[in-house]
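A.B. asks: These protein sequence lines map, in sequence, to chains A and B. Numbering-wise (our numbering), the first sequence opens with residue 1 and increments by one. Numbering-wise (our numbering), the second sequence opens with residue 1001 and increments by one. Input: one structure, supplied below.
Protein chains: 2
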Amino acid sequence: MDENGSASGERMLAALRPADLAGTPASWQQRKSVRTRLKLVEAAIDCLVESGYPGLTTQAVAERAGSSRGAMHHHFPTRLDLVAAVIDHVFYKRMRLYLGDYLKDLAGLDPAKVVAVATAAHWRSVQTREYAAYLELAVASRTETELEQMFVPAARRYEEVWLSEMTGTFPFWEEQWEAMLRANDFVIAAHMGMLIQRTVLGETRTQTIGEIIEQFAASLYRT
Amino acid sequence: MDENGSASGERMLAALRPADLAGTPASWQQRKSVRTRLKLVEAAIDCLVESGYPGLTTQAVAERAGSSRGAMHHHFPTRLDLVAAVIDHVFYKRMRLYLGDYLKDLAGLDPAKVVAVATAAHWRSVQTREYAAYLELAVASRTETELEQMFVPAARRYEEVWLSEMTGTFPFWEEQWEAMLRANDFVIAAHMGMLIQRTVLGETRTQTIGEIIEQFAASLYRT
DNA sequence: GCAAAAATCGACAATGTTGCCGGTTTACTG
DNA sequence: CAGTAAACCGGCAACATTGTCGATTTTTGC
């Protein structure tokens, strides 16, 4: 990945890159502004991971970012403005993480094993703090309407790019679009459930389900 | 189901029945007490479904239950006392719902189709408000430690009963315990993920995944 | 340099939530 | 028919959170 944050193989994703991650602007002020925004958004993600969506308070974020509430208000007038930035940031960062991980293992691979590799990479991406934040947002958006209005469109936007990038890595998936979509949807849903049940299931059973999913996703593609 | 809230086929479950659902006590006072407690807990579940865990405030619950904050404090001194009651209530009610639904379709069924029937019944149980409340609690327990300390043990407790009841309906599952456990864990995780992704996926793709899960769960058992 | 603009800071009032408490009504007991 | 106990009521202080504002510091354009 280069300084602008684009890995090889990312075609559409760059178009959705949040301004916060758009490299180094010209002026010193703009650079400082971006740095502070980024600091605040990252702090917000920390809050999300540690205390959930209700723990994402302006106070906690400012304190954690080592910034003042005034500075925060300058960049994000209301709490929802910050949340909007967090949504974009989380989607983008998690997707880049996954794609980077996935593409790394892809060089000269037996095509029959592509789905298994993708599934394994996806499970790794699920165990990141970005995904934990994503989960909090996804669940909170079920009950907070203002959040839903930002989250669902963003999810759809990024999902389109996601699928586009995936088919891009293996063009023959276009011919098997339905099978690929099924396997993709299935793995995403199953892994999310796995993550939530993990606490109750324990590590052993979680791993067992993971293997099942991996095998089954591969079989779905061959269909 | 009889008045005491036990359906045919429930062996262990009755032992976990919360006091709120334990039928009709002797004295008028106790009956009134139970009625009020139940009203409060149900109102709390409504809050959970509509506004999530942070929306489960003492004010909102009391107001929705048509009760006063004072009465509430009499039955549940602190908010966490109420939450504890809600946890038990949700687990118990949802499990009864599922078992009732599942056992209803079981009479004289081709054994090969049992898993498919169980999976379908489980998906129906996932679409209830009790499950929505359960989901909110499960996710909130990831970040709220006091909640986790009540929720995780309760989940383990009820899961044991769950598995016990399931094997009870088909004793030959004891011989295939591993396969049954795998299929069970898998379906539970996958359905939870499905529910959360539903908003983004839309109805068509959600249904497709549902069918995949159903078929695959059946194949898991035959293994 | 100097004024304008950007970034930052701390404090304020308004609101909402929690736990607690004194007082009241209602039912049980002897 | 008291006297006790359970159930219920409304209000209070303490605290947290949000949005807003005026003032201050830092950077930029001229």
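Where is the CB? At the ideal position from N, CA and C, for every residue including glycine.
With DSSP run on the structure shown, which of helix, strand or coil describes A/Ser68?
C.D. replies: Note: A/Ser68 maps to coil in three-state DSSP.
A.B. asks: In terms of residues, what are the limits of the alpha helix (DSSP H) holding B/Lys1104?
C.D. replies: Here the alpha helix (DSSP H) through B/Lys1104 covers Arg1079 to Lys1104.
A.B. asks: Who are the neighbours of B/Leu1201 on chain A, taking C-beta pairs under 7 Å?
C.D. replies: Those are Asp185, listed as they occur along chain A.
A.B. asks: In angstroms with no decimal places, state the Cα-to-Cα distance between B/Leu1082 and A/Asp185.
C.D. replies: Answer to the nearest angstrom: the Cα atoms are 37 Å apart.
A.B. asks: Keeping to the same chain, check which residues put their C-beta closer than 6 Å to that of B/Tyr1221; ignore five residues upstream and five downstream.
C.D. replies: So the qualifying residues of the chain are Val1115, Ala1179 and Ala1183.
A.B. asks: Nearest by alpha-carbon distance to A/Val86: which of A/Val200, A/Leu135 and A/Lys32 is it?
C.D. replies: Among A/Val200, A/Leu135 and A/Lys32, the Cα nearest to that of A/Val86 belongs to A/Leu135.
A.B. asks: Closer than 9 Å by beta-carbon distance: list the chain B residues that pair up with A/His191, in chain order.
C.D. replies: Residues of chain B passing the Cβ test: Ala1189 and Gly1193.
A.B. asks: Assess contact between the segment 170-177 of chain A and the segment 1189-1197 of chain B, defined as three or more Cβ pairs (one per stretch) separated by less than 8 Å. Is contact present?
C.D. replies: With the cut-off at 8 Å, the segment 170-177 of chain A and the segment 1189-1197 of chain B do not touch.
A.B. asks: A/Ala133 and A/Val41: beta carbons closer than 7 Å?
C.D. replies: No; because the gap between Cβ atoms is not below 7 Å, this pair is not in contact.
A.B. asks: List the residues of chain A whose Cβ lies closer than 7 Å to the Cβ of B/Ser1125, in chain order.
C.D. replies: By Cβ distance, chain A contributes nothing, its closest Cβ being about 14 Å from B/Ser1125, past 7 Å.
A.B. asks: Give a yes or no on whether the C-beta atoms belonging to A/Ala84 and A/Met166 are separated by under 7 Å.
C.D. replies: Cβ atoms of A/Ala84 and A/Met166: not closer than 7 Å.
A.B. asks: Compile a chain-ordered list of the residues in the segment 1134-1165 of chain B whose CB is closer than 8 Å to at least one CB of chain A.
C.D. replies: Going along the segment 1134-1165 of chain B in chain order, one finds Leu1135, Glu1136, Ala1138, Val1139, Ala1140, Ser1141, Arg1142, Thr1143, Glu1144, Glu1148, Val1152, Ala1155, Arg1156 and Glu1159 with a Cβ nearer than 8 Å to chain A.
A.B. asks: Have a look at A/Ser219, A/Phe216 and A/Arg157 and flag the residue whose alpha-carbon is nearest the alpha-carbon of A/Met95.
C.D. replies: Here the closest residue by C-alpha is A/Arg157.
A.B. asks: Count the other C-beta atoms from every protein chain shown that fall within 10 angstroms of the C-beta of B/Trp1177, then say buried if there are 16 or more, exposed otherwise.
C.D. replies: Label assigned to B/Trp1177: exposed.
A.B. asks: Any C-beta of chain B sitting closer than 7 Å to the C-beta of A/Gly108?
C.D. replies: So no, A/Gly108 is outside the interface.
A.B. asks: Does DSSP put A/Gly210 in a helix, in a strand, or in coil?
C.D. replies: Residue state, collapsed to three classes: helix.
A.B. asks: Got a sec? Which residues, its chain only, sit under 8 Å from B/Val1139 by beta carbon, not counting five neighbours each side?
C.D. replies: For B/Val1139, where only same-chain residues beyond five positions count, the Cβ hits under 8 Å are Tyr1053.
A.B. asks: Between A/Leu137, A/Trp162 and A/Gly202, which has its C-alpha nearest A/Tyr92's C-alpha?
C.D. replies: Nearest C-alpha to A/Tyr92: A/Trp162.
A.B. asks: Quick check on A/Ser219: buried or exposed, where buried means 16 or more other Cβ atoms within 10 Å of its Cβ?
C.D. replies: Exposed is the call here.
A.B. asks: Distance cutoff 7 Å, beta carbons only. Does B/Phe1091 sit that close to anything in chain A?
C.D. replies: So no, B/Phe1091 is outside the interface.
A.B. asks: Going along chain A in order, which residues have a C-beta closer than 8 Å to the C-beta of B/Glu1130?
C.D. replies: Within chain A, no residue comes near B/Glu1130; the closest Cβ sits about 15 Å away, beyond 8 Å.
A.B. asks: Is B/His1089 closer than 7 Å to B/Pro1018 when the C-beta atoms are compared?
C.D. replies: A contact, by the Cβ cut-off of 7 Å.
A.B. asks: Taking CB distances under 7 Å as the criterion, tell me whether B/Gly1210 reaches chain A.
C.D. replies: Chain A contact via Cβ: absent.
A.B. asks: Give the C-beta separation of A/Glu214 and A/Thr119 to the nearest angstrom, bearing in mind that I take them to be a contact with Cβ-Cβ under 8 Å.
C.D. replies: Contact flag correct, Cβ pair sits at about 5 Å.
A.B. asks: Just verifying my parser: in three-state terms, what is the DSSP assignment at B/Val1114?
C.D. replies: DSSP places B/Val1114 in helix when its eight states are reduced to three.
A.B. asks: What distance in whole Å lies between the Cβ atoms of B/Ala1121 and B/Tyr1098, which are believed to be in contact at a cut-off of 8 Å?
C.D. replies: Contact holds; Cβ gap of about 6 Å.
A.B. asks: Helix, strand or coil: how does DSSP classify A/Gly168 here?
C.D. replies: If DSSP states are grouped into helix, strand and coil, A/Gly168 belongs with the helices.
A.B. asks: Are there 16 or more other CB atoms within 10 angstroms of the CB of A/Leu56, so buried, or fewer, so exposed?
C.D. replies: It is buried - the Cβ of A/Leu56 has at least 16 other Cβ atoms within 10 Å.
A.B. asks: Quick check on the burial criterion: 16 or more other C-beta atoms within 10 angstroms. Buried or exposed for B/Arg1037?
C.D. replies: Buried.
A.B. asks: My guess is that B/Lys1032 and B/Ser1067 are in contact by the Cβ rule of under 8 Å, so how many angstroms apart are they, rounded?
C.D. replies: About 12 Å separates the two Cβ atoms, so there is no contact after all.
A.B. asks: With H, G and I counted as helix, E and B as strand and the rest as coil, what does DSSP make of A/Gln127?
C.D. replies: Coil.
A.B. asks: Given a cut-off of 7 Å on the beta-carbon distance, is the pair A/Leu80 and A/Glu146 in contact?
C.D. replies: The answer is yes: Cβ separation under 7 Å.
A.B. asks: Quick one: is A/Arg94 near chain B, going by C-beta distance under 7 Å?
C.D. replies: False, the Cβ-Cβ gap to chain B never drops below 7 Å.
A.B. asks: How big is the Cα-Cα spacing for B/Glu1160 and A/Ala62?
C.D. replies: So the alpha carbons of these two residues sit roughly 44 Å apart.
A.B. asks: Among B/Ala1189, B/Glu1130 and B/Ile1212, which has the Cα closest to the Cα of A/Gly210?
C.D. replies: Residue B/Ala1189 is the option with its Cα nearest to A/Gly210.
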